[in-house]
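Shown next, in structure tokens, is the structure this report addresses.
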Amino acid sequence: MKATEDVDELRTALLDAIGPDATGHAVATITAFSGLVRVADATGIPIDDGLAAVSVPIREELALEDFGGAANSELANVDGVAFDTIDALFTNSPVDNSR
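In terms of numbering that gives the first Met the number 0, the sequence shown opens at residue 0 and continues consecutively.
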């Protein structure tokens, strides 16, 4: 599916599911994230170990290491790992033991 296909239908479904206020918040969050990612990419901010570890399969599939910005991150010693919670991703630990 192209990014422009079914936009009206998906927008309507989202509005019906979560309402206009929440849809506005979702749009603002997505827009901010997209902008921040573009700034990070443009400035060459390196990827941290936690995100590097969890993103190994997708980075390989998309051949992201072929892009010039990949040189800003030292990923040779980062092994792929599956995280069991979002909190574990941010603590760079594969298992969240705080439960």
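Even for Gly, the Cβ is constructed at its ideal location relative to N, Cα and C.
Just so it is clear, the structure is predicted and the values come from calculations on it, not from any experiment.
Taken through DSSP and simplified to helix, strand or coil, glycine 43 comes out as coil. In the three-state reduction of the DSSP assignment, phenylalanine 66 falls in the coil class, being assigned neither a helical nor a strand state. Around the CB of serine 33, fewer than 16 other CB atoms lie within 10 Å, so the residue is classed as exposed. Here valine 36 is exposed. Its C-beta has fewer than 16 other C-beta atoms within 10 Å.
Listed in chain order, the non-local C-beta contacts of isoleucine 17 below 8 Å within the same chain comprise Ala25, local neighbours out to five positions each way being set aside. For leucine 61, the three-state secondary structure derived from DSSP is coil. Taking every protein chain shown into account, the CB of isoleucine 46 has 16 or more other CB atoms within 10 angstroms, so this residue is buried.
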